[in-house]
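See structure below.
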Amino acid sequence: ARDALPPKVKLAAYEEAVDVLAGMLPSGPGRRRVIEAIAACWDLNATAAENTDALRKPSLVPGTGSVAVGRAILPAETAACAALGSGQGGGTTGGWARTGHAMRLLERVAAAVAVTEPVLLVGETGTGKTALVQQLARVVGAQLCVVNLSNQSESADFLGGFRPAGARHLCLPLLPRFRVVFEETFPSVANREFMTRVERYAERRKWTHLLHAFRAGVERVAKLASEAEEERVASTAAVIAEAEAEAVIAEADEKTAAAKGPGGRGKSKRKT
């Protein structure tokens, strides 16, 4: 059954097996022996297979709503595909160079992403692990959030921690906003005493009294708005009623004129 497989299928199976079984091995005799064993399983020439692993340079090919990173095909944004097709995306921007080694590694990561498999990139600081993932995100037009963690990182650095906020930080930002709205709504001279009392509450850090004052001011504004709305509704109703009355009168005049007839006198029917 294995001999009946097309050469392309055997090569694809070999590449996937090498990524999974030999991807974590450093270059050397150990990696070479694993690659030769995998190639033998698929009836591939060991030398040709090793050259494919070490010398092949995958390409980036934009498509319609997708990008081919070597053998891996990923969905991509239309703008990213257009930029890649015009040569503006996926190139040497951001310090990324399309070397053979970089493109092979990019293909391996893309192949894992295509089947929703996790990937662990291991290496010293500055070897380009984050840059590689950023480049892949740039190629497909995806948003990427990079979070740098270390052995000293805590869960709060990643998930966020609870920090209780004081009443001062919550109440003081409301004071200038309240002052602007209140002074635009009510006369400043008539309400100077109220605003002085509000500011004194803030200076003396009487937050409960300050919030009560805010609530009182807001309720006054709400009351004025309600009264204005009632007046507007009443005025609208009066206009509608007047228009309806005028329409009734006009209709009555038309019927009266029609009843009088051309001679100006009404017609009467005589009972027999």
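If you count the sequence shown from 1, position 197 lands on 197 in UniProt numbering, and the numbers rise without skipping.
By construction, the Cβ of each residue, glycine as well, lies at the ideal position given by its N, Cα and C atoms.
It should be emphasised that the depicted structure is a prediction, and the values quoted were computed from it without experimental measurement.
{"Item": "Span of the alpha helix (DSSP H) holding Lys4?", "Value": "Just to set this straight, residue 4 is Ala in the shown sequence, not Lys. It is not in any alpha helix (DSSP H) - Ala4 carries neither H nor E in the DSSP assignment."}
{"Item": "Can you give me the start and stop residues for the beta strand (DSSP E) that Leu60 sits inside?", "Value": "60-62"}
{"Item": "Can you tell me whether Pro58 is buried or exposed, with buried defined as 16 or more other CB within 10 angstroms of its CB?", "Value": "buried"}
{"Item": "Among Gly30, Ser66, Gly70, which has the Cα closest to the Cα of Ala12?", "Value": "Gly70"}
{"Item": "Return the CA-CA distance between Cys81 and Leu60, expressed in angstroms with no decimal places.", "Value": "10 Å"}
{"Item": "Classify Asp43: buried if its beta carbon has 16 or more other beta carbons within 10 angstroms, exposed otherwise.", "Value": "exposed"}
{"Item": "Nearest CA to the CA of Val119: which residue from Val9, Lys223, Gly217, Met24?", "Value": "Met24"}
{"Item": "Which one of Lys10, Lys129, Pro164 has the shortest CA to CA distance from Asn45?", "Value": "Lys10"}
{"Item": "Please classify Arg108 as buried or exposed, where buried requires at least 16 neighbouring CB atoms within 10 angstroms.", "Value": "buried"}
{"Item": "Just grab the DSSP bridge partners of Ala213 for me.", "Value": "Looking at the DSSP assignment, Ala213 forms no beta bridge with any residue, so it has no partner."}
{"Item": "For Leu74, which of helix, strand or coil comes out of DSSP?", "Value": "strand"}
{"Item": "Does DSSP put Ser155 in a helix, in a strand, or in coil?", "Value": "helix"}
{"Item": "Apart from the five residues on each side of it in sequence, which residues of its chain come closer than 6 Å, Cβ to Cβ, to Phe182?", "Value": "Gly217"}
{"Item": "Counting along the chain, where does the alpha helix (DSSP H) carrying Val140 start and finish?", "Value": "129-140"}
{"Item": "Residue ranges of each alpha helix (DSSP H) run of no fewer than 4 residues wholly in the region 169-209, ordered along the chain?", "Value": "174-185, 192-203"}
{"Item": "Select from Ser86, Pro7, Cys41, Leu5 the residue whose C-alpha is nearest the C-alpha of Val18.", "Value": "Cys41"}
{"Item": "Since Ser66 sits in a beta bridge, which residues does DSSP pair it with?", "Value": "Pro75"}
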